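Each residue of the sequence shown is one higher than the one before, counting from 90 in the numbering used here. Positions of the beta carbon are idealized from the N, C-alpha and C atoms, including for glycine. Quick caveat: nothing in here was measured; it's all calculated off a predicted structure.
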Amino acid sequence: MSRGRVLLRAALLLVGGAYMLWRALEARRLARLLVAADAVLQERLALVWTLVGALAILTGLGVLYMLRPRRRRRTLLLGEQPPVDGPRPPR
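1. Are there any heavy atoms of the ligand ZN lying less than 6 Å away from the beta-carbon of V95, as far as the coordinates show?
2. Quick one: grab the DSSP three-state call for R92.
3. What residue from R133, L102, E132 has the CA that sits closest to R151's CA?
4. Does the Cβ-Cβ distance between Q131 and A120 come in under 7 Å?
5. Residue range of the alpha helix (DSSP H) that V152 falls in?
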């Protein structure tokens, strides 16, 4: 996947997460004005929206963190490796 597409997805996750957090705050504000039974439902919805928003933001930040430039490392080599221009060692 290209870097531009990954950045677009990270941006959408961050914007969507911020929207869900804003929606959760509005739901909590509304819950204070409602009667007990309706307020409980509204509080639970606000909790779910908060969790979804936080998860989206954390995922977006994780994607952005993975895009940072890193040093190239050698691949994992297990056991002895034969010399490049020499004979192979006996097993």
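Taking the coordinates as given:
1. What this structure holds is no ligand at all, so the ligand ZN is not there to describe.
2. Three-state result, R92: helix.
3. Here residue 151 is Gly; the residue named in the question, Arg, does not match the sequence. The shortest C-alpha separation from G151 is found at L102.
4. Taking 7 Å as the Cβ cut-off, Q131 and A120 qualify as a contacting pair.
5. Counting along the chain, V152 sits inside the alpha helix (DSSP H) bounded by residues 125-155.
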